[in-house]
Amino acid sequence: MNKQEKKRYSKRTILNLGQYLLGEKWMLTAALVCTMGSNLFALIGPRLTGYAIGAIEPGKGAVDFSKVFYYAGWMALFYVASALMSYGLQVLMITISRSVVKRMRQDVFEKLLTLPAGYFDIHQTGDIISRISYDIDTVNASLSNDLVQLLSTVITVIGSLVMMISISPKLVLVFAFTVPLSVFITKTITGKTRPLFRNRSAKLGELNGFVEEMITGQKTLKAYGREEYTIERCDVKNDAAADAFYRAEYYGSIVGPCVNFVNNLSLSLTGVFGALLYLAGSMTIGDISSFVLYSRKFSGPINEAANIMSELQSALAAAERVFSLLNEMPEKADAENAETLTHVEGEVEVSHVKFGYLPEKTIIHDLSFTAEPGRLIAVVGHTGAGKTTLINLLMRFYDPQGGKIFVDGKNSMDVTRKSLRQSYAMVLQDTWLFTGTVYENLAYGKEGATKEEVIRAAKAAHIHSFIMRLPKGYDTLLTDEGTNISKGQKQLLTIARAMLLDAHMLILDEATSNVDTRTEIRIQKAMRNLMKNKTCFVIAHRLSTIRNADLILVVNEGEVVEQGTHTELMKKKGTYRKLYEAQFE
Amino acid sequence: MKNIIMCYVKPYFPQMGVGFLIKFTGTIMDLCIPYILAHIIDVIIPTGQKKLIFFWGLAMMICSGLAVTGNMIANRRASLVSSRVTRTLRHDLFSKIMYLSNRQMDDFTKPSLISRMTSDTYDLQQVIARIQRLGVRAPILLIGGIFVTFTLDWAMALVLTATLPLLAMLTVFVSKKGIPIYAKLQEANDRMVRVVREDIAGIRVIKALSKTGYETEKFRKVNSEVIDREKKAGMVMAVMNPAMTILLNLGLVCVIITGAYRVQSGACEVGKILAFTTYFTIILNAMMSISKMFSMISKSIASGNRIWKVLNSESEMEVMEELERAENESAVAWTAADRSMAEKEAAQPVEILFDHVTFSYYKGQEPSLRDISFRVRKGETLGIIGEIGSGKSTVLALLMRLYDADSGRIFVGGQDVRSQTPEQLKKKFGVVFQNDMIFEDTIAGNVTLGRELSQEQIQEALLYAQASEFVQGRDSKEADALNIRGANLSGGQKQRVLIARALAMGPEILILDDSSSALDYGTDAKLRQGIREHFSNTTLVIVAQRISSIRHADHILVLEEGNMIGYGTHEQLMESCEVYREISHSQMGEGSDE
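Pasting the structure below:
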């Protein structure tokens, strides 16, 4: 990124942030009123103290106690009011910042779900989590608080300045020197710290990404005795993150003392020049001391503001990461006036499809076939021949670069993704269960499925007796990484999940690869029933799985090289026969 | 939390002490400036000596200079200490996590470990940095302020200090309330991390089933839960500041009333009350900072406890050295066929021996394996087959000592697995798990996993794993970068890279847990041939669903619901084991077994 782009980027970040805050504009206003109120009340306190002291003033034996108690009473009242207001302010601020965080997190999460599936193949989960938790937190820890503080600072500064000018315009000249100096220092340092904070966020994200991946693969690493090696690799990232933290933190923490230095300098100058002015006869001692008092009031907030600036830097750096995710390209929107697929018969025609994940590397060159409704289509071929890619295209996780796919004669590009995907039931190679009960996992695809339906599906998938043996049956909590459940069982659960769907087309991608054949045969019977009148695409290596298919497509390097039934293809003595016979070798 | 401070922060105490000292000096300098100013105004100006004015003016500037240098140095040291402490803490935590047993991983859960490793350590870092920066000035001002008020008038000062115990009680009370809320907040955070992780892993399924709305709702729930707890914690902590202000300000009111009586009785002058109020402001501000620190500390205590829980978890699976060698091999029942085979190959020692092993994942649950006994000699192949959930993977887990058996013993290389160090034991194995992990690294990096392997060894491993062909077809060959979870490989390609990883070190025992399921029959057969030819001394353990993958094995173990229902060769089992015969027929067709 060059400098100008960076600047534009920062601007956009600030604009984006502003929008979130604007959503809370009423509460923000209330917060501002509270700040001013509590400050004002707090300011009245000393005044009242003054009055009370005035009543004591006459000295020994002459103290006006009724007045003292009167003012003391008022003081207590105002202090309590001020404290209540400041509590109210904090409550408001917490509410505001939490509601901004909530919306931001929700937006990021919703964004994640619209991103193309491929996004997650190159972005570490841990880094994404880092954005959702740490970055968003950082943004808000400072943002909402600092904003109010900054505003109230402005008010105090202006007020004190007016007071000081009214006392001695000449002495204010001291600030003509020191204020620009503070501004200059703050600006220089924050200019330096911005990239440091950016780096801090990025390095932390990297570390988190790494940690997430390694903890996920801990079992493998341990099996290979790679603990030390992984720890060393983690150390590198850890050191980088710690170093980036140190640099950002250190430079960020310089601002405070530096600006404080300038303030002290101005105080010294005020003292010296004030004294000289007094000697020249243009100021009284009383003037000097109240000037000093106000100048302290004046420099305090400036000091504060400088600190806030460095916090804002870290907030902005974190915000950039959040918004860069929010600004990612989502899946291409549905075509305008895209149709909704309803009452799908299940005829699928793939016509001259060409596709590669990278445009320059085609995987599927020229694929054509027609699947008639209610048929079982098996796709076989060597590993890496493009079988799973075909599914990605059918489901429109990716769009072909050439050719067309028709469902019931409609171009799949002209229908909504949602309705297209809903017309398929899919069981993938990589099973996925989420943390939830068995029942929830099974009913996932069909809202409001009754218990009976779920049990029926589980029975058909031959997983019912396994479920019943679990401690709480269908109410047992499952976790994806749970020990007690094998991959084969997971596959059966996902098959049961698919069986519940009303879809008219079924995709089974190595859905039973880890299921023993006896169980598989039993499931197949149930599936045959289920698959009646449904178009099924089955990808499998185990040829027993596909022997009964109506149409077997033998795919090689992205093209259909043979097609027909098992018997036909065996007679042909081609690729299929070779594949089949290999199992006896 | 106390433990973390003792272990991790303590080594830095001297360094922090120096830092505090510097900060202390800087702060004192900072505080000197108004004093000098007062001196100029009160003492010097009336005398009208310009020289003295300039002298003291210069002194102020020098003080400012010292203050800024001192504070900067101290801040720098503070940042350094906090980043070092966190670095060590993270290192130790990560190391500990890497060595956690499977059972402990299950108990802690991965999302929780991830959030402990990331957000909890970060919270601690923040606090350690802030406290060093704020922790000096406030106490100095507080103690100094109180001290000065005592020199002004002891009676009024006593009234003011009477509020201090109340303040302390308030702080303790609020922190006590806050810590458990923060602990709960972190738990909710774990749940949020879990949802994000799960949904990223299952993004294709979610999209396919059009469940984005449902998942959004799910996230909204965990998000709200986190937010609510954050709010609750925030609200509780927010009480501290205003409550302190009220207490102190009411104290001030009392001070003034007391002052009024003292003045009335002539024990004190009005000017002192005035001065008192000035110092009071300083004390008040100091208290504010301290209250802020306490709310940060409360949060960090919750995080610290979570981290400590992991660090302090006892290492399971200790090495038990006193276990004697497997001399009573005869304890295992030998079948007749087994004995003749053993005599034939008597030259080869027994590599794997299961002796009446019973195991269950959770105590009190039905055992996952019941009374399993078998032996495999060096260089032989063991095939394991059985229905899903019959305990196939469990046998492997016990063999590699990922879990300890409830009863019975397991020997590898003649020694009880429990008597071998993890390093010794792991060196023997090359393993591919069912859901094994491809890391975001190059192909070569995934094969070596950081082990010292030459280029030739890597290529050889890829060759015998039948992966050479597709690896050579990739742009940068072995150096080609793989995506997260190997997303740019097909299922079969992934499995072959994983097998290459297992083969690379020439393991004594190679374990393949259903890890050729995505290979076509031809490749699968070639793979097994390659392994037998080039790794003749390697003992092979294959779990498979396909009969073809194991039919040539020297021994086949047939499992059903955790029981051993058959053990022998393909031919023997075809005769003696009903279940095995059924499986075979279902796959190969009835007449096809030669």
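For the protein sequence lines, the chains are G and Z, in the order given. Just so we're aligned, residue 1 is where the first sequence starts under our numbering, counting upward by one. Just so we're aligned, residue 1001 is where the second sequence starts under our numbering, counting upward by one. Glycine included, C-beta positions come from ideal geometry on N, C-alpha and C. Treat the numbers as computed from the prediction; the structure is a model and nothing was measured.
Of all alpha-carbon atoms in Z/Ile1022, Z/Phe1276 and Z/Ile1372, the one lying nearest the alpha-carbon of Z/Phe1411 is that of Z/Ile1372. The DSSP assignment places complete beta strand (DSSP E) segments of no fewer than 3 residues inside the segment 398–432 of chain G at 402–407 and 424–427, in order along the chain. Taking the Cα positions, G/Leu553 is about 10 angstroms away from G/Phe537.
In this structure, G/Asn303 and G/Val259 form a Cβ contact; the two beta carbons are roughly 5 angstroms apart against a cut-off of 8 angstroms.
In the assembly as shown, G/Tyr474 is a buried residue. Its beta-carbon has 16 or more other beta-carbons within 10 Å. Assignment of Z/Leu1274 by DSSP, reduced to helix, strand and coil, places it in the helix class. Assigned with DSSP and collapsed to three states, G/Leu15 falls in helix.
Against chain G, the CB of Z/Ser1210 has a partner CB under 8 angstroms away; the residue lies at that interface. The beta-carbon distance between G/Gln489 and Z/Gly1389, rounded to whole angstroms, is 6 angstroms. This is short enough to meet the 8 angstroms contact definition.
In terms of Cβ geometry, G/Ala52 and G/Met75 form a close pair [threshold 8 angstroms].
Closer than 8 angstroms to the CB of Z/Ser1064 there is at least one CB belonging to chain G. By the rule that beta-carbons nearer than 8 angstroms mark a contact, Z/Val1068 touches chain G. Between the beta-carbon of G/Leu394 and that of G/Val438 there is about 29 angstroms, and that puts the pair past the 8 angstroms contact cut.
Within the segment 1235–1246 of chain Z, the residues whose Cβ lies closer than 8 angstroms to any Cβ of chain G are, in chain order, Met1235, Ala1238, Val1239, Asn1241, Pro1242, Ala1243, Thr1245 and Ile1246. Proximity to G/Leu326 across G/Ile521, G/Tyr134, G/Glu110 and G/Ala31 peaks at G/Glu110, based on C-alpha coordinates. Interface with chain G (8 angstroms Cβ-Cβ cutoff): Z/Gln1434 is included. Using a CB distance cut-off of 8 angstroms, Z/Glu1533 does not count as an interface residue toward chain G. Against Z/His1570, chain G offers no close residue; the least beta-carbon distance is about 12 angstroms (beta-carbon pairs closer than 7 angstroms). It is roughly 10 angstroms from the alpha-carbon of G/Gly88 to the alpha-carbon of G/Ala81. Within the segment 1490–1515 of chain Z, contact with chain G at the beta-carbon level (separation under 7 angstroms) is assigned to Ser1490, Gly1491, Gly1492, Gln1493 and Asp1514.
Annotated three-state conformation of Z/Phe1024 is helix, per DSSP. In its chain, beyond the 5 residues on either side, Gly1379 have a beta carbon closer than 8 angstroms to the beta carbon of Z/Ser1536. Neighbours of Z/Phe1429 across chain G, judged by C-beta separation under 7 angstroms: Ala223.
Runs of alpha helix (DSSP H) with 4 or more residues, each lying fully within the segment 1536–1589 of chain Z, are found at 1547–1550, 1570–1576 and 1578–1588, listed in chain order. In the structure shown, Z/His1039 adopts helical secondary structure according to DSSP, grouped into three states.
G/Thr517 reaches chain Z at Gln1545, Ile1583, Ser1586 and Gln1587, counting residues in chain order whose Cβ is nearer than 7 angstroms.
Scanning chain Z for C-beta atoms nearer than 7 angstroms to the C-beta of G/Gly346 yields nothing, as the closest lies near 16 angstroms away.
Under the criterion of beta carbons closer than 8 angstroms, Z/Asn1446 and Z/Val1497 qualify as touching, at roughly 6 angstroms.
The segment 1225–1243 of chain Z makes no contact with the segment 449–456 of chain G: fewer than 3 CB pairs, one atom from each, lie closer than 8 angstroms. Burial is judged here by how many other beta carbons sit within 10 angstroms of a residue's own beta carbon; G/Pro359 has fewer than 16 and is exposed.
Look at G/Phe245: its C-beta is under 8 angstroms from a C-beta on chain Z. The beta carbons of Z/Ile1036 and Z/Met1060 sit closer together than 8 angstroms. With a contact defined as Cβ atoms closer than 8 angstroms, G/Gly217 and G/Asp127 miss out at about 16 angstroms.
A straight line joining the alpha-carbon of Z/Leu1527 with that of Z/Ala1467 spans about 9 angstroms. At least 8 angstroms separates the beta-carbon of Z/Ile1256 from that of G/Ala83. Burial check for G/Leu15: the Cβ neighbour count within 10 Å stays below 16, so the residue is exposed.
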